[in-house]
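This note's numbering numbers the first residue of the sequence shown as 496 and each following residue consecutively.
Note that beta-carbon positions come from the ideal geometry of N, C-alpha and C, so glycine has one too.
Contents: one structure, followed by commentary.
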Amino acid sequence: MSEKAPIPTVEATESALKLISIIKEKYGPELIFHQSGGCCDGSAPMCFEKSDFIIGNSDMLLGDLAGVPFYINQDQGERWGHTHLIIDAIPGNGGMFSLDNGTGQRFLTRSEVCALPQR
496 MSEKAPIPTV EATESALKLI SIIKEKYGPE LIFHQSGGCC DGSAPMCFEK SDFIIGNSDM
556 LLGDLAGVPF YINQDQGERW GHTHLIIDAI PGNGGMFSLD NGTGQRFLTR SEVCALPQR
């Protein structure tokens, strides 16, 4: 029997939480995050109004950041299974499709590899 791959975990830094708050003030609370898999804006975490992004059958929920659900594509989540994702906000230009664009800050994914289980 094959073991199911672990899924990554996710958390936000204080800087990211502040940026999420700014975005909520402008767009309201109905937001989602999706971890980009390398298309368009590289591998940036993207923040959208919930009505502007369709979560597909191949997306998995990792958790939430300040009440905002955070998704990743299942294939990517399985590849990053032993990774703890830390969503940060740094000075710069946000992703062209992400709501952080135009704020003077952008979301950034940092990661820590968790210990792999011994076999």
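- Taking a C-beta distance under 7 Å as the contact criterion, Val563 and Phe528 qualify as a contact pair.
- Nearest Cα to Gly551 within the set Ile517, Ile567, Glu509: Ile567.
- 7 Å or more divides the Cβ of Ser546 from the Cβ of Gln569.
- A residue is called buried when at least 16 other Cβ atoms come within 10 angstroms of its Cβ; Val608 does not meet this threshold and is exposed.
- Judged by DSSP secondary structure, Asp570 falls within the alpha helix (DSSP H) whose first and last residues are 569 to 574.
- Taking the Cβ atoms as the reference, Ser538 lies roughly 11 Å from Leu580, outside the contact range of under 8 Å.
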